[in-house]
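If you want the numbering used here, it's the 1-based position in the sequence shown plus 29.
Ideal Cβ placement from N, Cα and C applies to all residues, glycine included.
Values in this document were obtained by computation on a predicted structure and should not be read as measured data.
First up is the structure itself, then whatever we jot down about it.
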Amino acid sequence: MINIILASHRSLAEGMVDSVSMLYGKPECFHSVCLRAEDVAEAFGERIESLLDLNVGNIILTDILGGTPFNQGMLLSEKYSNVRVVAGMNLGMILELLMQREVLSLSDCVDHIVNVGKDSVIAPSLDESKEDDMDDLM
């Protein structure tokens, strides 16, 4: 099983955990850590590090590329070979990761959820001429 850590600015990660619990239940090895305005980057990194499970793979999903949660996650991925970081988390990615983390390797999980994330960001049209396209989505 892969340990999952959601890391974000403010309470986004906690909100994602709330949404997951509504749709999926309360998974094990699934954590959130939220950066507060008063936090120091290194201390925030230590909070993330305390949630790692060094006996299994770990994926740290962050809100944005280049932010403190991402940067601290990357420092941990340099320190530990079983830690990977993915920026730009969305609920679809998280749910897919929860469903695949016991059957895919750490590397395959990362590749898979990045593709799921890319595929799930769309701008559908409500134009009647594209009604068939919308039917495919639902």
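Looking at Arg65, Gly74, Ala66 and Tyr53, the one whose alpha-carbon comes closest to that of Ile34 is Gly74.
With respect to the 8 Å criterion, Glu125 and Val112 are not classified as neighbours on the basis of their beta carbons. Rounded to the nearest whole angstrom, the CA to CA distance from Glu67 to His38 is 11 Å. Going by DSSP, Ser61 is part of the beta strand (DSSP E) stretching over Phe59 to Leu64.
For Arg113, the enclosing beta strand (DSSP E) begins and ends at Val112 to Ala116.
Ser61 counts as buried, since no fewer than 16 other beta carbons sit within 10 angstroms of its beta carbon. Contact check for Leu120 against Met51 fails: the beta carbons are separated by 8 Å or more. Residue environment for Pro153: exposed (fewer than 16 other C-beta atoms within 10 angstroms of its C-beta). Within its own chain, the residues whose Cβ lies closer than 7 Å to the Cβ of Val114, once the five positions on either side in sequence are excluded, are Ile89, Thr91, Phe99, Gly102, Met103 and Ser106, listed in chain order. By the neighbour-count criterion, in which 16 or more other beta carbons inside 10 Å mark a residue as buried, Val49 falls on the buried side. Taking 8 Å as the cut-off, the Cβ atoms of Gly117 and Ile31 do not count as close. Per DSSP, the unbroken beta strand (DSSP E) holding Asn87 starts and ends at Asn87 to Thr91. Per DSSP, Ile33 is one residue of the beta strand (DSSP E) stretching across Asn32 to His38.
In the three-state reduction of the DSSP assignment, Gly102 falls in the helix class.
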